[in-house]
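**Q**
Residue numbers (full-length UniProt numbering): 1 to 275.
1) Going by Cα to Cα distance, which pick from 199, 232, 133 is closest to residue 191?
2) Would you check if the distance between the CB atom of residue 77 and the CB atom of residue 108 is smaller than 9 Å?
3) Run the proximity test for residue 163: is its beta-carbon closer than 8 Å to any non-hydrogen atom belonging to the ligand SAM?
4) Could you tell me which of 264, 258, 113, 58 sits nearest to residue 18, measuring between CA atoms?
5) Helix, strand or coil, according to DSSP, for residue 176 in the structure here?
6) Looking only at its own chain, which residues have a Cβ that is under 7 Å from the Cβ of residue 205, when we skip the five neighbours before and after it?
7) Helix, strand or coil for residue 263 per DSSP?
8) Over what stretch of residues does the beta strand (DSSP E) that includes residue 220 continue unbroken?
9) With respect to the alpha helix (DSSP H) encompassing residue 238, which residues constitute its N-terminal and C-terminal limits?
10) Applying the 10 Å Cβ sphere with the 16-neighbour rule, what's the burial state of residue 239?
11) DSSP state of residue 188, grouped into three classes?
12) Using only alpha-carbon positions, find the residue among 200, 31, 195, 189 that is nearest to residue 82.
13) If you run the structure through DSSP and keep just helix, strand and coil, what is residue 47?
14) Only counting runs of 3 or more residues, tell me where the beta strand (DSSP E) segments fall wholly within the UniProt domain "Restriction endonuclease type IV Mrr" (25-142), in order along the chain.
15) So, residue 200 versus residue 222, is the Cβ gap smaller than 9 Å?
16) Roughly how many angstroms lie between the CA atoms of residue 101 and residue 60, to the nearest whole one?
17) Rank 246, 48, 36, 117 by C-alpha distance to the C-alpha of residue 140 and give the top, closest one.
18) Do residue 160 and residue 148 count as a contact pair if the criterion is CB distance below 9 Å?
19) Taking just the CA atoms, how far does residue 255 sit from residue 270?
20) Which of the three DSSP states, helix, strand or coil, is assigned to residue 171?
21) Report, in whole angstroms, the separation of the C-beta atoms of residue 49 and residue 58, which I expect to be a contact under 8 Å.
22) Work out the CA separation of residue 219 and residue 56 for me, nearest whole Å.
23) Keeping to the same chain, check which residues put their C-beta closer than 6 Å to that of residue 157; ignore five residues upstream and five downstream.
24) Quick one: Cα of residue 103 to Cα of residue 216, how far?
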């Protein structure tokens, strides 16, 4: 049985109110969702530059499994709304999100409050542009059951939430809001490659190599495979930063990516915690 199933509706609503109050602004809520979506298995999660993305707050992808991981990819446009419990998300908000979704993409709408019945119907009435709705109650239950920001019995813990949001701040020195998060997977390490986020690969047109700075510490030159969206010649880097031991033991790690246009280099920050 999940921990959240032991709680009454009244207790869930109180925790929902507490979670809303924890996030001081909508931007704070978006930064939380970036970490939350990574925890839930999405990849390349990025807080958007709002002036360029028509109100979309985050973008993310979900890769397929095994040999189909680079083929069976789902793209998500994510809308985040930090609303009081008493303020429901209207059908117009869902329509606005659907209006920005390209063909073949999916929408995701996450809020601290609830959705009206019309909004729920709108989310599923067009199979070509489906929208996943996650209300505050579902978000609370997910956080409780995945130990995000809560300590058992459960009790909301601001300290635990801070820890979740800042767990890798000891190695991320670059404070750009527009970095992309992804996991350097066991499959990547085994194949001696690093799958490159598509947003960064798009900036490398026509190149065969790219200079990459790891953890603001050491610079490497990786070769580029544009057809498969990955960097090669990465074995030395894997061994240097603990992803591949001398005995070839594989250790997947979280990473954050950023392309610096002025320096014309890729910055990758590799975490110290095992995935």
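Yeah, the Cβ is synthetic: ideal placement off N, Cα and C, and Gly gets one too.
**A** With the structure as the only source:
1) Nearest C-alpha to residue 191: 232.
2) yes
3) Absent from the structure shown: the ligand SAM. Ligands present: none.
4) 113
5) Note that residue 176 scores a pLDDT of 48, beneath 50, so its modelled location is shaky; the value from the coordinates is reported in the next line. Note: residue 176 maps to coil in three-state DSSP.
6) none
7) Three-state DSSP puts residue 263 in coil, outside helix and strand.
8) 218-225
9) 235-240
10) exposed
11) helix
12) 31
13) strand
14) 43-47, 58-62, 74-81, 106-111, 131-134
15) no
16) 13 Å
17) 36
18) yes
19) Distance between the alpha carbons of residue 270 and residue 255: 4 Å.
20) Because the pLDDT of residue 171 is 47, which lies under 50, any placement of that residue in the model is unreliable, and the number read from its coordinates should be weighed accordingly. It is coil, neither helix nor strand.
21) Residue 49 to residue 58, Cβ: 11 Å. No contact.
22) 34 Å
23) 151
24) Cα to Cα, residue 103 sits roughly 38 Å from residue 216.
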